[in-house]
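Take a look at the structure set out below.
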Amino acid sequence: MYDAGDHMKFGFPMAFTATVLSWSILEYGDQMEAVNQLGTAQDSLKWITDFLIHAHPSDNVLYVQVRFILIRSCTA
Numbered sequence: 001m002y003d004a005g006d007h008m009k010f011g012f013p014m015a016f017t018a019t020v021l022s023w024s025i026l027e028y029g030d031q032m033e034a035v036n037q038l039g040t041a042q043d044s045l046k047w048i049t050d051f052l053i054h055a056h057p058s059d060n061v062l063y064v065q066v067r068f069i070l071i072r073s074c075t076a
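Residue numbers (the UniProt record's numbering): 1 to 76.
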């Protein structure tokens with residue numbers, strides 16, 4: 001769904017992916033439906049657009065790069 005980098009997400013490549021995926025659905029949606037892949041493509045597009053919507057939480061704020069770090073507690 002996004003660029004590699006240990007759970008790092010980049011907004012601009014993701015926006016490009018959403019654009020290409022949207023165009024593909026418009027152009028080839030009937031072929032996608034014929035092989036039962038239209039729903040999967042639409043779900044992927046919805047995931048991307050939901051993420052980008054949440055990356056713009058308020059006016060003049062847009063997160064373009066997010067990294068999730070998992071911190072584990074180790075006890076010996």
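Virtual Cβ for every residue (Gly too), placed ideally from N, Cα, C. These numbers were taken from a predicted model, which means no experiment stands behind them.
Exercise. Where Tyr28 and Pro57 are concerned, what is the direct C-alpha to C-alpha distance, given to the nearest angstrom?
Worked result: 33 Å
For this session: State the start and end residues of the unbroken alpha helix (DSSP H) segment that holds Ala55.
Result: It is not in any alpha helix (DSSP H) - Ala55 carries neither H nor E in the DSSP assignment.
Exercise. Thr10 to Thr17, Cα distance in whole Å?
Worked result: Per the sequence shown, residue 10 should be read as Phe rather than Thr. Each residue's alpha carbon lies about 11 Å from the other.
Exercise. So Val64 packs on Phe12, CB below 8 Å; how close in whole Å?
Worked result: For a cut-off of 8 Å, the C-beta gap from Val64 to Phe12 is around 6 Å, short enough to register as a contact.
For this session: Measure the alpha-carbon distance for Asp59 versus Ala15 and round it to whole angstroms.
Result: 19 Å
Problem set entry | Ser24 versus His54 - alpha carbon distance | Per the coordinates, the alpha-carbon of Ser24 lies some 24 Å from the alpha-carbon of His54.
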